[in-house]
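As structure tokens, the structure follows; a few thoughts come after it.
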Amino acid sequence: MKIIPLFDRVVIKPDTQTSKTKSGIVLPSTSQERPQIGIVTAIGSGLDIDANNVGMQVRVGDKVLFNKFAGSEVKIDDETLLVLRQVDLIAIMEEN
Amino acid sequence: MKIIPLFDRVVIKPDTQTSKTKSGIVLPSTSQERPQIGIVTAIGSGLDIDANNVGMQVRVGDKVLFNKFAGSEVKIDDETLLVLRQVDLIAIMEEN
Amino acid sequence: MKIIPLFDRVVIKPDTQTSKTKSGIVLPSTSQERPQIGIVTAIGSGLDIDANNVGMQVRVGDKVLFNKFAGSEVKIDDETLLVLRQVDLIAIMEEN
Amino acid sequence: MKIIPLFDRVVIKPDTQTSKTKSGIVLPSTSQERPQIGIVTAIGSGLDIDANNVGMQVRVGDKVLFNKFAGSEVKIDDETLLVLRQVDLIAIMEEN
Amino acid sequence: MKIIPLFDRVVIKPDTQTSKTKSGIVLPSTSQERPQIGIVTAIGSGLDIDANNVGMQVRVGDKVLFNKFAGSEVKIDDETLLVLRQVDLIAIMEEN
Amino acid sequence: MKIIPLFDRVVIKPDTQTSKTKSGIVLPSTSQERPQIGIVTAIGSGLDIDANNVGMQVRVGDKVLFNKFAGSEVKIDDETLLVLRQVDLIAIMEEN
Amino acid sequence: MKIIPLFDRVVIKPDTQTSKTKSGIVLPSTSQERPQIGIVTAIGSGLDIDANNVGMQVRVGDKVLFNKFAGSEVKIDDETLLVLRQVDLIAIMEEN
Chain A
1 MKIIPLFDRV
11 VIKPDTQTSK
21 TKSGIVLPST
31 SQERPQIGIV
41 TAIGSGLDID
51 ANNVGMQVRV
61 GDKVLFNKFA
71 GSEVKIDDET
81 LLVLRQVDLI
91 AIMEEN
Chain B
1 MKIIPLFDRV
11 VIKPDTQTSK
21 TKSGIVLPST
31 SQERPQIGIV
41 TAIGSGLDID
51 ANNVGMQVRV
61 GDKVLFNKFA
71 GSEVKIDDET
81 LLVLRQVDLI
91 AIMEEN
Chain C
1 MKIIPLFDRV
11 VIKPDTQTSK
21 TKSGIVLPST
31 SQERPQIGIV
41 TAIGSGLDID
51 ANNVGMQVRV
61 GDKVLFNKFA
71 GSEVKIDDET
81 LLVLRQVDLI
91 AIMEEN
Chain D
1 MKIIPLFDRV
11 VIKPDTQTSK
21 TKSGIVLPST
31 SQERPQIGIV
41 TAIGSGLDID
51 ANNVGMQVRV
61 GDKVLFNKFA
71 GSEVKIDDET
81 LLVLRQVDLI
91 AIMEEN
Chain E
1 MKIIPLFDRV
11 VIKPDTQTSK
21 TKSGIVLPST
31 SQERPQIGIV
41 TAIGSGLDID
51 ANNVGMQVRV
61 GDKVLFNKFA
71 GSEVKIDDET
81 LLVLRQVDLI
91 AIMEEN
Chain F
1 MKIIPLFDRV
11 VIKPDTQTSK
21 TKSGIVLPST
31 SQERPQIGIV
41 TAIGSGLDID
51 ANNVGMQVRV
61 GDKVLFNKFA
71 GSEVKIDDET
81 LLVLRQVDLI
91 AIMEEN
Chain G
1 MKIIPLFDRV
11 VIKPDTQTSK
21 TKSGIVLPST
31 SQERPQIGIV
41 TAIGSGLDID
51 ANNVGMQVRV
61 GDKVLFNKFA
71 GSEVKIDDET
81 LLVLRQVDLI
91 AIMEEN
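Protein chains in written order, with my numbering: chain A, 1 to 96; chain B, 1 to 96; chain C, 1 to 96; chain D, 1 to 96; chain E, 1 to 96; chain F, 1 to 96; chain G, 1 to 96.
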């Protein structure tokens with residue numbers, strides 16, 4: 001089963017391990033307002049709901065920072081994914 | 001009796017069995033915020049309320065993910081259907 | 001006395017019998033959020049409030065599904081009618 | 001003293017007798033949400049606040065249906081009038 | 001000291017005597033929602049905040065009806081004035 | 001240290017003495033809703049956040065009336081300044 | 001690990017020492033509404049979410065004044081950074 005996000009939406013696999021790794025990123029669970037990290041697994045067509053092409057600024061495989069409470073959660077084959085609008089992505093995280 | 005949705009609306013037959021099948025999609029009833037799965041049974045003209053043609057991004061027969069609380073419920077011949085705006089559709093679900 | 005709706009408004013005669021007929025449409029009174037069925041008895045000019053012609057998507061005589069709480073109720077010659085904006089119409093109901 | 005409404009506003013003389021006449025229109029006082037009937041006594045230039053000409057859809061003398069809680073009330077020579085935006089008018093009432 | 005209103009704002013000298021005069025206008029203090037009467041003493045350039053020229057629909061000296069709670073109050077030489085946006089003006093009052 | 005306001009913002013040095021001077025302007029502290037007086041000490045580029053040039057309607061040195069609760073306060077070299085958007089300026093005050 | 005802000009966002013390293021230095025800027029902790037000072041460490045493409053190029057008004061290295069509660073906080077290699085939209089920047093601070 002594959003999710004094809006509509007409009008300017010993206011599918012994100014949240015990186016729940018981040019706060020425990022040595023990657024240098026720490027997102028302590030005490031802070032409810034910190035954004036989350038995840039990997040983009042699918043992107044929409046880049047059309048917005050008025051049929052304008054806004055262009056996708058991220059690609060499949062990008063590690064992204066996103067707003068924790070944005071989007072919709074869905075579970076496929078025991079994997080929890082998030083579908084959110086591109087605008088709820090904050091930044092791309094890149095290894096040095 | 002047939003429903004012809006107006007503007008950019010679509011008619012969805014909700015897939016209430018999803019959470020019990022082996023399709024790989026699990027939408028546990030404990031989570032009120034998870035989106036639902038359904039099949040598109042009719043689509044509107046694609047005109048928005050300002051008479052612009054925004055185009056329909058889904059087709060009849062598509063399996064779609066949508067916001068649970070969006071749209072209006074109607075019952076025809078003992079079948080419960082939902083009419084919602086295309087913008088409330090989140091993604092198309094495709095078999096691998 | 002005749003009602004000529006302004007802008008993109010329509011006049012609807014609600015079909016209060018629907019929930020009891022054999023037409024196949026059942027709108028149980030227990031659900032406050034189900035839409036209602038009615039017949040369009042008059043339509044506006046199709047101009048919106050900015051003087052753009054948005055076009056009317058329904059015609060007099062159409063059986064339509066509409067949001068229960070939209071619009072304004074008025075009583076003429078013992079007949080209760082609703083005046084609502086075209087955008088509050090959800091779908092056209094057509095006999096098979 | 002004369003009121004010249006600004007922009008797309010109209011002046012309405014509310015028809016408080018309607019609910020008691022034989023005109024066929026009944027607006028029972030038990031319902032707070034029913035619209036009111038009145039006569040248009042003056043209309044604005046039809047310019048909106050962005051200086052676009054939206055055009056006036058009603059004329060002086062028209063009997064109109066309007067939202068009860070819209071607009072501003074003013075008393076001139078013991079006559080209570082309402083000034084409201086054209087968009088708060090719902091329909092024109094015409095004798096058959 | 002002179003007030004030069006910015007954008008589409010106007011300066012109004014409220015006519016606090018209105019409710020007691022024989023001018024025919026009565027604005028009883030019991031009603032909090034009635035608009036007020038005042039004289040326009042200065043007008044802005046007619047540019048809105050996006051630098052579009054919307055044009056001023058009133059002139060210095062006009063007697064105007066305005067929303068009581070709109071705008072900002074300022075006191076100059078013991079005179080209380082109001083600065084409000086043109087859009088908060090409802091109508092021009094003219095002697096017959 | 002110098003503040004260069006971004007977009008259509010201005011820097012204002014509030015005139016806290018106004019309510020005690022003989023300048024004719026009285027802004028009693030009892031009224032929380034009265035606007036304040038200040039001197040413009042710096043102006044932005046006049047670009048708005050969509051990169052349109054809206055133009056600055058005030059100049060450095062102008063005495064302006066502004067909304068008390070608008071903008072952000074900053075202290076530089078013991079001087080309290082306010083940075084606010086041009087749209088929160090109400091009027092220019094000019095000596096007769 | 002590097003943060004590449006999306007759209008018109010910027011990454012800011014907050015200057016938590018400001019309130020204790022001799023730089024002339026004092027942002028007392030008693031005031032919750034005072035803006036903060038920080039250094040821009042990365043800027044986005046300048047595209048807004050509708051794919052228009054709004055242009056970036058700040059450069060990497062700029063000392064900026066920004067709204068304390070805007071944006072998202074992220075911790076990288078023990079360094080706390082903020083990602084916020086350009087519009088939440090108030091001013092550039094420049095040494096005399």
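Just so you know, even glycine gets a beta-carbon here, dropped at the ideal spot from N, CA and C. From a predicted model like this one, the values you see are computed outputs, not experimental measurements.
Inset, instruction - Give a yes or no on whether the minimum CB-CB distance between L65 of chain G and chain F is below 9 Å. - result: For L65 of chain G, the nearest beta carbon of chain F is closer than 9 Å to its own beta carbon.
Inset, instruction - Please check if any C-beta of chain A sits within less than 9 Å of the C-beta of L89 of chain G. - result: Not an interface residue.
Inset, instruction - Output yes if chain D places a C-beta closer than 9 Å to the C-beta of V74 of chain C; else output no. - result: Against chain D, the CB of V74 of chain C has a partner CB under 9 Å away; the residue lies at that interface.
Inset, instruction - Taking only the alpha-carbon atoms, compute the straight-line gap between K107 of chain D and V87 of chain B and give it to the nearest angstrom. - result: The structure shown has nothing for residue 107 of chain D, since chain D only spans 1 to 96.
Inset, instruction - Just tell me which of A:I90, A:L84, A:N96, A:N53 has its CA closest to the CA of T41 of chain A. - result: If we check each option's Cα against that of T41 of chain A, A:L84 comes out closest.
Inset, instruction - Would you please verify whether the beta carbon of M1 of chain E is less than 9 Å from any beta carbon of chain F? - result: yes
Inset, instruction - Count the other C-beta atoms from every protein chain shown that fall within 10 angstroms of the C-beta of G61 of chain E, then say buried if there are 16 or more, exposed otherwise. - result: With fewer than 16 other Cβ atoms within 10 Å, it is exposed.
Legend entry - Distance between N67 of chain C and A70 of chain D (C-alpha atoms, nearest Å): 22 Å
Legend entry - Rounded separation between L65 of chain G and L6 of chain E - CA only: 26 Å
Inset, instruction - Compute the distance between the beta-carbons of D78 of chain A and D48 of chain B, then report whether it is under 9 Å. - result: no
Inset, instruction - Give the secondary structure of V87 of chain C by DSSP, where H, G and I count as helix, E and B as strand, and everything else as coil. - result: helix
Legend entry - Closest by C-alpha distance to V58 of chain G, when choosing among G:I4, G:P14, G:M93, G:I76: It is G:M93 whose Cα lies nearest to the Cα of V58 of chain G.
Inset, instruction - Under the assumption that I90 of chain A contacts P35 of chain A (Cβ atoms under 8 Å), give the Cβ distance between them as a whole number of angstroms. - result: About 6 Å; that satisfies the 8 Å criterion.
Legend entry - is_contact[R9 of chain B, chain C] using C-beta, thresh 9 Å: yes
Inset, instruction - Classify G55 of chain A as buried or exposed, calling it buried when 16 or more other Cβ atoms lie within 10 Å of its own Cβ. - result: For G55 of chain A, the number of other beta carbons within 10 angstroms of its own is below 16, and it is reported as exposed.
Legend entry - Alpha-carbon spacing of S29 of chain C relative to I76 of chain A, whole angstroms: Here the model assigns S29 of chain C a pLDDT of 44, short of 50, so the residue's position is not dependable, and the following value carries that caveat. Straight-line Cα distance between these residues: approximately 37 Å.
Legend entry - Simplified DSSP assignment, three categories, for A42 of chain D: strand
Inset, instruction - Taking only beta-carbon positions, decide if P5 of chain C is within less than 9 Å of chain D. - result: yes
Inset, instruction - Pull out every residue of the segment 46-71 of chain G whose Cβ sits closer than 8 Å to any Cβ of chain A, in chain order. - result: L47, I49, D50, A51
Legend entry - Residues bridged to L65 of chain C [DSSP beta-bridge criterion]: C:I37, C:A91
Inset, instruction - Report the three-state DSSP secondary structure of R9 of chain E (helix, strand or coil). - result: strand
Inset, instruction - Please report the Cβ distance between G46 of chain C and V10 of chain C, rounded to the nearest whole angstrom; I am assuming they are in contact, meaning their Cβ atoms lie under 8 Å. - result: No, G46 of chain C and V10 of chain C are not in contact; Cβ-Cβ is about 10 Å, not under 8 Å.
Inset, instruction - Report yes if the CB atom of I39 of chain G is closer than 9 Å to the CB atom of I3 of chain G, and no otherwise. - result: Contact: no.
Legend entry - Contacts that I92 of chain F makes with chain J (C-beta to C-beta distance below 7 Å): You won't find chain J in this structure, because its protein chains are A, B, C, D, E, F and G.
Inset, instruction - Could you spell out where the beta strand (DSSP E) holding V74 of chain D opens and where it closes? - result: Counting along the chain, the beta strand (DSSP E) containing V74 of chain D begins and ends at 72-76.
Legend entry - Cβ of T80 of chain D within 9 Å of any chain C Cβ: no
Inset, instruction - Report the three-state DSSP secondary structure of T80 of chain G (helix, strand or coil). - result: strand
Inset, instruction - Could you name the residues of the same chain whose beta carbon sits closer than 6 Å to that of V74 of chain B, not counting the 5 residues immediately before and after it, in chain order? - result: L81
Inset, instruction - Mind listing the chain G neighbours of V83 of chain F? Cutoff is C-beta to C-beta under 9 Å, in chain order. - result: P35, L65, I90, A91
Legend entry - CA nearest to the CA of D8 of chain G, picked from G:N96, G:N53, G:M1: G:N53
Inset, instruction - Would you list the residues sitting across from N96 of chain E in a DSSP beta bridge? - result: For N96 of chain E, which the question treats as bridged, DSSP gives no partner whatsoever.
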